[in-house]
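Working notes, structure below.
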Amino acid sequence: MTPPFADRFALRMQFLLPRRALTQLAGMAARADAGALTRAAIRCFVAHYGVDMSEAFDPRIESYVSFNDFFTRSLRAGTRPLAEAAYICPVDGAISQFGAVTQGRIFQAKGHDYSAAALLAGDTALAAGFEDGLFATLYLSPRDYHRVHMPCTGRLLRMVYVPGDLFSVNPVTARGVPGLFARNERVVCLFDTARGPMALVLVGATIVGSVATVWHGVVNPPRSAQVRRFDYTDQHIELAQGAEMGRFLLGSTVVLLWPRGALRFNPDWSPGRVIRMGEAMG
Numbered sequence: 475m476t477p478p479f480a481d482r483f484a485l486r487m488q489f490l491l492p493r494r495a496l497t498q499l500a501g502m503a504a505r506a507d508a509g510a511l512t513r514a515a516i517r518c519f520v521a522h523y524g525v526d527m528s529e530a531f532d533p534r535i536e537s538y539v540s541f542n543d544f545f546t547r548s549l550r551a552g553t554r555p556l557a558e559a560a561y562i563c564p565v566d567g568a569i570s571q572f573g574a575v576t577q578g579r580i581f582q583a584k585g586h587d588y589s590a591a592a593l594l595a596g597d598t599a600l601a602a603g604f605e606d607g608l609f610a611t612l613y614l615s616p617r618d619y620h621r622v623h624m625p626c627t628g629r630l631l632r633m634v635y636v637p638g639d640l641f642s643v644n645p646v647t648a649r650g651v652p653g654l655f656a657r658n659e660r661v662v663c664l665f666d667t668a669r670g671p672m673a674l675v676l677v678g679a680t681i682v683g684s685v686a687t688v689w690h691g692v693v694n695p696p697r698s699a700q701v702r703r704f705d706y707t708d709q710h711i712e713l714a715q716g717a718e719m720g721r722f723l724l725g726s727t728v729v730l731l732w733p734r735g736a737l738r739f740n741p742d743w744s745p746g747r748v749i750r751m752g753e754a755m756g
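Following the working numbering, the numbering of the sequence shown begins with 475 at its first residue and continues without gaps.
Here it is, written out as structure tokens:
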């Protein structure tokens with residue numbers, strides 16, 4: 475079936491627009507304290523996207539000195555109770571896709587898949603550990619809470635910054651850009667858990683000014699053309715289930731990988747379903 479004209483137009487514009495320059499400008503604007511102008515822009519954003527500020531630890535718009543502060547706002551205690559499950563949802567957002575890693579390939583959308591090795595910065599040995607395993611792709615929209623939490627307790631082993639493109643990661647783009655999540659800039663985090671290795675990949679996108687982790691701080695910027703690798707095996711960085719592990723500016727996507735037999739997905743899950751951090755995932 476041919477995509478609607480609006481979808482084709484949106485995709486074509488993404489190939490034509492200067493995505494990196496737009497993202498750099500957005501990052502500068504998000505970091506700026508423009509006083510009343512910043513607060514007015516945040517109010518417009520809240521109204522346009524229907525952001526529920528009653529859940530925020532501080533619901534007052536005037537308390538946020540920059541868009542960065544607003545985008546990475548914390549929530550009130552108790553707004554995201556943790557389910558009694560081996561794995562919980564790490565983010566607020568929507569399920570893009572989930573299922574089996576088949577012959578080293580991850581399903582993206584109808585007619586599109588990509589290799590686990592490409593997602594993991596070309597590390598074929600690491601990808602082999604997820605052969606016949608499971609994946610979940612979770613999309614965060616601009617209105618969502620932008621912090622990422624641990625689906626289970628894990629010890630950090632490695633982190634890899636992978637340079638790449640900056641396409642949008644919304645559902646229209648996922649349906650139209652081949653290998654989207656293995657093409658975009660991303661930060662790959664590898665954990666050792668009670669059920670084996672787990673890869674948690676933070677995928678950047680157009681206007682996502684930066685990605686940060688709790689152990690490193692801001693990973694990008696600076697943006698480089700080279701893969702950057704960080705080894706933590708000589709440290710004991712363990713994060714409990716439900717603990718914050720990182721955050722995005724604006725919306726983006728998280729891709730998770732597990733080895734075969736690590737979990738059974740929540741039977742209520744389906745592509746497009748809205749999820750909230752702390753709900754049972756598997």
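We treat Cβ as the ideally placed atom computed from N, Cα and C, and that holds for glycine. Keep in mind that this is a model prediction, so the values were computed, not measured.
A distance of 8 Å or more separates the beta carbons of CYS626 and ARG750. For the region 704-748, the continuous beta strand (DSSP E) assignments of 3+ residues that do not extend past its boundaries occur at 718-722 and 726-732, in sequence order. Straight-line measurement puts the Cα of ILE535 at about 27 Å from the Cα of LEU676.
Sequence-distant Cβ neighbours of GLU753 in its own chain, meaning closer than 7 Å and more than five residues away, are ALA557, ILE562 and CYS563. Here ASP597 is buried. Its C-beta has 16 or more other C-beta atoms within 10 Å.
Counting C-beta atoms within 10 angstroms of its own C-beta, ASP606 has fewer than 16 neighbours from the protein chains shown and is therefore classed as exposed.
Scanning its chain for C-beta atoms nearer than 8 Å, with the 5 sequence neighbours on each side dropped, one finds around SER744 the residues ILE569, in chain order.
Within its own chain, the residues whose Cβ lies closer than 7 Å to the Cβ of ASP507, once the five positions on either side in sequence are excluded, are VAL539 and SER540, listed in chain order. In the displayed model, LEU664 falls within a strand according to three-state DSSP.
Distance from the CA atom of ARG697 to the CA atom of MET527, rounded to whole angstroms, is 32 Å. DSSP places ASN694 in the uninterrupted beta strand (DSSP E) bounded by 691-694. Selection PHE722, PHE581, GLY585 and ARG734 evaluated against GLU659 yields PHE722 as nearest (Cα-Cα). Spatial neighbours of MET624 in its own chain (CB-CB distance under 7 Å, excluding positions within 5 residues in sequence) are listed in chain order as PRO564, LEU713, ALA714, GLN715, GLY716, ALA717 and MET719. Boundaries of the beta strand (DSSP E) harbouring VAL685: 685-687, taken from the DSSP string.
Boundaries of the beta strand (DSSP E) around LEU674: 670-677. Pairing LEU731 with PHE604 gives a Cβ-Cβ distance under 8 Å. For ILE562, there is no enclosing alpha helix (DSSP H), as DSSP marks it with neither H nor E. Only exposed fits HIS522, as fewer than 16 other CB atoms lie within 10 angstroms of its CB. A distance of 8 Å or more separates the beta carbons of VAL662 and VAL693.
Listed in chain order, the beta strand (DSSP E) elements of length 3 or more contained wholly in the region 564-597 are 567-574, 579-583 and 586-589.
Per DSSP, the continuous alpha helix (DSSP H) segment holding ARG517 begins and ends at 510-523.
ASP639 sits in a strand when the DSSP states are folded into three classes. Taking the C-beta atoms as reference points, SER589 is found nearer than 8 Å to ALA656.
In the three-state DSSP reduction, ALA610 falls in the strand class (E or B). Using a 10 angstroms sphere on the CB of PHE572, the tally of other CB atoms reaches 16 or more, which defines it as buried.
In the three-state scheme derived from DSSP, where H, G and I count as helix and E and B as strand, ALA601 is classed as helix.
In the three-state DSSP reduction, MET527 falls in the helix class (H, G or I). Spanning the alpha carbons of ASP708 and LEU631 requires a straight line of approximately 9 Å.
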